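Chains as they are written, first to last, in the numbering used here: chain A, 1 to 241; chain S, 1 to 617. Just so you know, even glycine gets a beta-carbon here, dropped at the ideal spot from N, CA and C. Being a predicted model, the structure only gives us computed values, none of them experimental. Scroll down for the structure; my scribbles are underneath it.
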Amino acid sequence: MADTVTIRINGREIQAPAGSTILEAAKDVNIYIPNLCHNEELAPYGACRMCMVEITHKKRVKLVVSCIAEVADGLEVQTDTQRVRNVRTLVMHLLLARNPNHPELRKLASELGIEKTCFDVDFKGCILCGQCVRVCREVVGVSAIGFKSRGDTRTVATPFDESPGDCIACGSCHYVCPVGVIPMEEHDGIRTMWKTEFPMAKCKKCGTYFAPVKQLEHFRKIANLPEDHFDTCIDCRSIKK
Amino acid sequence: MKKLRSAKELASLQDTLRKARDPNKPCIVICAGTGCLAYGTQKLIDNFRDEIKKQKLEGTVEVRTSGCHGFCERGPLVVIHPKQIFYQRVKLDDAAEIITKTVLKDEIIDRLLYRDPVTKEKILYEHDVPFYKKQMRLIFGMNGQIDPSSIDDYLAIGGYSALAKALTGKKPEEIIQDIIKANLRGRGGGGFPTGWKWDSTRKAKGEPKYVICNADEGDPGAYMDRSLLEGNPHSVLEGMIIGAFAIGSSNGYIYVRNEYPLAVTNITIAIRKAREYGILGQDILGSGFNFDVTINRGGGAFVCGESSALFASIEGRVGEPRQKYVHATDRGLYDKPTCLNNVETWANVTLILNKGADWYTKIGTEGSKGTKIFSLVGKINNTGLVEVPMGITLREIVFGIGGGIPKGRTFKAIQTGGPSGGCIPEQHLDMPVDFDELTKVGSMMGSGGMIVMDDRNCMVDVAKYFLKFLEEESCGKCTPCREGVMQMRIILDRITEGKGEERDIELLEWIGKGVIDGSLCALGGTAPYPVLSTVKYFRDEYLAHIRDKKCPAGVCKPLVTYSVITDKCTGCTACARVCPTKAAAGEKKKVHVINRETCIKCGACYDACKFDAILIV
């Protein structure tokens, strides 16, 4: 089995590693394909549909999402056909109806010549890209949040809308959200997120609040490190004793 | 029950059981499908049994409860063997009379006979009833011959012969060739060639391999799979075991929607009894082949009929489809090679192995072989399940078998393929029904739902109905389906409320195209079809709603007004008596009036009036 395959993107021939996705292959050679739910650290999700491309393989033409579709020898990829643009345009209008003003969305929209949505705005903020849920499950490994309900009532939520029992307040969901709709605040040694207060731990050396207690407890459990490793903040840890 | 250790032992048992069935012995067959049970048939069954006891006829007269007979419009149904006297709309108290008169004295109870609505002729025997006569009930016809909870009944009519033939006389590859030669196409909606699916699964790398029966039947109005699974679960099981053998799988699943309790019960019993006979389990019929089945019940999600969502559901994950460009036959359930087929498809496998691929290809059209079971519902005289050869015309189904439109109304459209399908107007009534022909006119076969509509169905309202259904059932993962279907529904809401705008049709078509192209799975991918097909064939109706703010069919409540036609009203008070809000009122023998403020436009007055004096406009 060959290590690379030959594909063409927008007429340009490139060598791509076998088993890579079309989006990865395009990124490697600086060919831009818009995307919203894609994150290099997470398994591809295929929900936003922005990364849609038109492929021709063995004479058959298909529309696929490039974040999931794999390269194959002889594949022809077109990233901006009429049909593809049509899907992207619809998606942006639909998402802007949920969140009309976020700069990230407006930038993508302006690439398609869209100023504002043609639909009535029903503000939700969240664009259901799923990155928060996915990072919590795949990277953090605690699945403290998930999706609730089905269809257009789907929302990101904590179990039973209560304080998330498994949350370690690491903030990954807040950081990863492309539209910044997961609030996280800190005051006087308390981090507040998901309507829950999480006490922060103080560094034993310098005294600054540096991480939520629950997060450190979690790390202590899963990391094979000395007991006192998480008693100090990162800065103080890197100073040799 | 002794385990059957060889095809010979099976044949011997079949023989014994067949001979034990005395064809001349009086047998009262009562339809106990869900439809008839909803009429209260259980009481009728109990009454029959009580009466048999009372008259000391145990041993002389048999009572058999069967699965659905298909003529649901006329239930409760009772067929008296050996003559096959057909009684319909049987009342729960009729049991004693039927036994005393018909069973014991060969006397016919006139009022229970089916009467042809046109010729007025009274039909005596089941096989002469036009509804049945015009069908080709190769699969469904067996329902009346067996009690679905009895494996012995199934064996007595030759059940499991196909399995014996397959396991002991054929190689797996030969069986796959048979199915390919028969050109069996999936009956669940996709119409994919079953033989090729089996072939791919057999050749795929990975163990264990899985075969699954998709009994999630979610299309509104469709109940073919329910009735098959309720009425003849063994025919489905037999097909699955044959398929598993051909593919090289020892693990089967039946995914059945939880809303089908009788089907769940009957397939559970069937599996238990099959195991007792060694037809499921280790070393089936001494062939060395092992196979068993697990039942998985759905949790109330239409989307779980989609293959990857179904797999997720079985795996214990949320029922959401995955975008996979690798076929399920390579990586499906638990990422292993999986063959998922519909209930009716598995039943067809049994038929093909029994009668042979050559025989099967003689039925149907070039591209669609065999028969299809349709659920014929809506504005139709003979509501029920019909099994017909592919290639029969829509006209023959609607008017020949279906008996036409009730109350003398006019045919307007027939909706096929469930929420993924389209509405077909009158001009196509003479088209042959098969996979490709239905697609050509902008609809699809789907799982076999056929909803007939008359001039009092509003096609805009129909499109809205299907969109609302899909909006609720969408898993919500991908943007085009989740948001696009909702936006289309919002537009249709506006149109049916008299707030439609000139650009709405264009907007619907644009959103529709994006949803079809952009959706992750076929739920979203086909969601716009009911809208697009009604716009194509009934554009005028949309324009009437948008421009004139009128609903020609008189359905969309904000756009219609009910009033009394004074010249025709005789003051009979029929409308006033049925009006739920007392909006329709008047003195006896005096012209009545409908109060617009309190009228809720339910249509009760219209249905009650015998003088055509209610105007809906």
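Asked                                                                                                                                                   : Found
Does chain S have any CB closer than 8 Å to the CB of A/Cys-177?                                                                                        : no
Please return the same chain residues whose Cβ sits closer than 8 Å to the Cβ of S/Glu-426, not counting the five positions on each side in sequence.   : Phe-411, Lys-412, Ala-413
Do S/Thr-598 and S/Ala-583 have their beta-carbon atoms positioned less than 8 Å apart in this structure?                                               : yes
Would S/Gln-14 pass as an interface residue toward chain A - the criterion being a Cβ-Cβ separation below 8 Å?                                          : no
Can you tell me whether S/Ser-235 is buried or exposed, with buried defined as 16 or more other CB within 10 angstroms of its CB?                       : buried
Between S/Cys-475 and chain A, is the shortest Cβ-Cβ distance under 8 Å, so that the two count as touching?                                             : yes
Who pairs with A/Glu-76 in a beta bridge, going by DSSP?                                                                                                : A/Arg-8, A/Thr-56
Below 7 Å, is the gap between the Cβ of S/Val-515 and the nearest heavy atom of the ligand GDP?                                                         : Questions concerning the ligand GDP fall outside what the structure shown contains, since it holds no ligand whatsoever.
Between S/Ile-179 and the rest of its own chain, which residues show a CB-CB distance below 7 Å, the 5 nearest in sequence each way excluded?           : Thr-194, Gly-195, Trp-198, Val-349, Ile-352
Starting from S/Leu-333 and walking both ways along the beta strand (DSSP E), at which residues does that stretch end?                                  : Note, S/Leu-333: premise wrong, no beta strand (DSSP E); not H, not E.
What separation, rounded to the nearest whole angstrom, lies between the Cα atoms of A/Ser-238 and A/Cys-206?                                           : 13 Å
Whose Cβ in chain A lies nearer than 8 Å to the Cβ of S/Cys-478?                                                                                        : Gly-46, Ala-47, Cys-48, Arg-49
Kindly indicate which residue of S/Val-103, S/Glu-73, S/Gly-384, S/Glu-207 has the alpha-carbon position closest to the one of S/Gln-55.                : S/Val-103
S/Asp-110 to S/Tyr-255, Cα distance in whole Å?                                                                                                         : 44 Å
Under DSSP, the beta strand (DSSP E) around A/His-187 begins and ends at which residues?                                                                : 185 to 187
Would you verify that the beta carbon of A/Glu-41 is, or is not, closer than 8 Å to some beta carbon of chain S?                                        : no
Is A/Asp-152 close to chain S, meaning its C-beta is less than 8 Å from at least one C-beta of that chain?                                              : yes
Run the CB neighbour count on S/Val-377, radius 10 Å, all protein chains shown included, and call it buried at 16 or more, exposed below.               : buried
Would a check of beta-carbon distances place S/Leu-124 closer than 8 Å to chain A?                                                                      : no
Cβ atoms of A/Ser-172 and A/Val-121: under 8 Å apart, would you say?                                                                                    : no
Does the Cβ of S/Val-617 have 16 or more other Cβ atoms within 10 Å, making it buried, or fewer, making it exposed?                                     : exposed
Under 8 Å by Cβ, that's how I've got S/Val-143 and S/Ser-66 pegged, so tell me the actual separation to the nearest angstrom.                           : The question names Val, but residue 143 of chain S in the sequence shown is Asn. So it is a contact: roughly 6 Å between Cβ atoms.
With S/Asn-251 as the anchor, note down where its alpha helix (DSSP H) starts and where it stops.                                                       : Note, S/Asn-251: premise wrong, no alpha helix (DSSP H); beta strand (DSSP E) at 251 to 256.
Could you tell me if S/Glu-207 is buried or exposed, where buried requires 16 or more neighbouring beta carbons within 10 angstroms of its beta carbon? : exposed
When the cut-off is 8 Å and only beta carbons count, does S/Met-486 lie next to chain A?                                                                : yes
Give the single residue among S/Cys-605, S/Phe-131, S/Lys-379, S/Arg-494 whose Cα lies nearest to the Cα of S/Lys-550.                                  : S/Arg-494
What would DSSP say about S/Arg-185, mapped onto helix, strand or coil?                                                                                 : strand
Give the single residue among S/Cys-521, S/Glu-73, S/Arg-275 whose Cα lies nearest to the Cα of S/Gly-319.                                              : S/Cys-521
Please tell me whether S/Met-445 and S/Thr-479 are closer than 8 Å, where the distance is taken between their beta carbons.                             : no
DSSP beta-bridge partners for S/Lys-372?                                                                                                                : S/Val-388
Pairing CB atoms from the segment 74 to 85 of chain S with CB atoms from the segment 116 to 131 of chain S, are three or more of them under 8 Å?        : yes
Name, please, each residue of chain D whose Cβ falls closer than 8 Å to the Cβ of S/Tyr-334.                                                            : Absent from the structure: chain D. Protein chains present are A and S.
If we count the other Cβ atoms within 10 Å of its Cβ and call it buried at 16 or more, is S/Thr-621 buried or exposed?                                  : The structure shown does not extend to residue 621 of chain S, since chain S spans only 1 to 617, so no value can be given for it.
Of all the beta strand (DSSP E) runs that stay within the bounds of the segment 7 to 94 of chain S, which reach a length of 3 or more residues?         : 27 to 31, 62 to 66, 78 to 81, 85 to 87
Quick check on the DSSP output: the beta strand (DSSP E) that includes S/His-562 runs from which residue to which?                                      : In the sequence as displayed, the identity of residue 562 of chain S is Tyr instead of His. S/Tyr-562 -> beta strand (DSSP E) spans 562 to 564.
Between the Cα of S/Glu-483 and those of A/Val-29, A/Ala-16, A/Arg-150, A/Thr-81, spot the shortest distance and give me the residue it belongs to.     : A/Arg-150
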